[in-house]
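Engineer: Using the UniProt record's numbering, you'd call the opening residue of the sequence shown number 1 and step up by one each time.
Dumping the structure here so I can ask a few things about it.
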Amino acid sequence: MRHTAIITTALLIAGLTVGCSSNDKGDAKPEAATPKVPTTVTATATQVLSEEEISQQCTNAVAEAAPGWDDWNLDIAGWKDDPKTPEVCKTLDNLAFHKAFVDGLDNAAACDTPAALPGKC
1 MRHTAIITTA LLIAGLTVGC SSNDKGDAKP EAATPKVPTT VTATATQVLS
51 EEEISQQCTN AVAEAAPGWD DWNLDIAGWK DDPKTPEVCK TLDNLAFHKA
101 FVDGLDNAAA CDTPAALPGK C
């Protein structure tokens with residue numbers, strides 16, 4: 001898919017180059033336009049994370065934020081709109097989010113009792 005985007009971009013640039021040529025000589029024959037294709041095209045790749053990686057990031061974000069919350073309850077119906085919901089969590093489905101949320105709360109609670117989960121805090 002990236003190659004198609006690169007080729008398409010190159011062809012668009014070539015088309016624009018051909019349409020912008022000028023001729024200062026009134027009676028001279030127009031020169032044949034040769035498309036100029038850039039030798040290098042830089043495409044930015046977006047890293048796609050797996051649901052497991054996003055869930056782990058969500059768990060970590062909840063564990064970091066939870067100690068500052070007055071209430072650890074969550075409105076199940078409107079969790080995506082809840083200001084406590086970390087942005088990284090909002091791409092998860094309901095089940096994955098709720099698991100990550102509870103795991104994050106468990107991690108935050110374990111920090112008060114490090115012996116309960118050694119190595120978590």
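All residues carry an ideal CB built from backbone N, CA and C; glycine is no exception.
Buried or exposed for V48, going by 16 or more other Cβ atoms inside 10 Å?
Structural biologist: By 1-based counting over the sequence shown, the position of residue 48 is 48. Answer is exposed; the Cβ neighbour count stays below 16.
Engineer: Could you tell me the distance, in whole angstroms, from the CA atom of Q57 to the CA atom of D93?
Structural biologist: The residue given as residue 57 occupies position 57 in the sequence shown. The residue given as residue 93 occupies position 93 in the sequence shown. If you take the alpha carbons of Q57 and D93, they lie about 14 Å apart.
Engineer: Note down, in chain order, each residue of its chain lying with its Cβ closer than 7 Å to the Cβ of A96, except the 5 sequence neighbours on either side.
Structural biologist: As a first step, residue 96 is located in the sequence shown; it is residue number 96 there, counting from the start. These residues qualify, in order along the chain: E51, S55.
Engineer: Exposed or buried, S21, counting other C-beta atoms within 10 Å across all chains shown (16 or more means buried)?
Structural biologist: For the purposes of this step, residue 21 is taken as the residue at position 21 of the sequence shown. Bear in mind that a pLDDT of 49 at S21, under 50, signals an unreliable position, so the number given afterwards is only what the model happens to contain. Its Cβ having fewer than 16 others within 10 Å, S21 is exposed.
Engineer: Once you ignore the five residues that flank P86 on each side, which residues in its own chain have a CB closer than 8 Å to its CB?
Structural biologist: Against the sequence shown, residue 86 aligns to sequence position 86. The residues are C58, A61, V62, A65.
Engineer: Is it the case that the Cβ atoms of A100 and C89 are separated by a distance below 8 Å?
Structural biologist: Translated into the one-based positions of the sequence shown, residue 100 becomes position 100. Translated into the one-based positions of the sequence shown, residue 89 becomes position 89. Cβ distance < 8 Å, so A100 and C89 count as in contact.
Engineer: I think W79 touches L105, with their Cβ atoms under 8 Å apart; what is that distance to the nearest whole Å?
Structural biologist: Start at 1 with the first residue of the sequence shown, and residue 79 comes out as number 79. Start at 1 with the first residue of the sequence shown, and residue 105 comes out as number 105. Going by Cβ atoms, the distance from W79 to L105 rounds to 13 Å, so no, they are not a contact pair.
Engineer: Mind checking E53: buried by the 16 CB within 10 Å criterion, or exposed?
Structural biologist: For the purposes of this step, residue 53 is taken as residue 53 along the sequence shown, with counting starting at 1. It is exposed - the Cβ of E53 has fewer than 16 other Cβ atoms within 10 Å.
Engineer: For A66, does the three-state DSSP call read helix, strand or coil?
Structural biologist: Residue numbering aside, residue 66 sits at position 66 when the sequence shown is read from its first letter. Residue state, collapsed to three classes: helix.
Engineer: Helix, strand or coil, according to DSSP, for V48 in the structure here?
Structural biologist: To locate residue 48, count along the sequence shown from 1; it is residue 48. The answer is coil: DSSP assigns V48 none of H, G, I, E or B.
Engineer: Between which residues of its own chain and D82 is the CB-CB distance below 8 Å, once the five residues before and five after are set aside?
Structural biologist: For the purposes of this step, residue 82 is identified with residue 82 of the sequence shown, where counting begins at 1. Excluding sequence neighbours, D82 sits near L74, D75.
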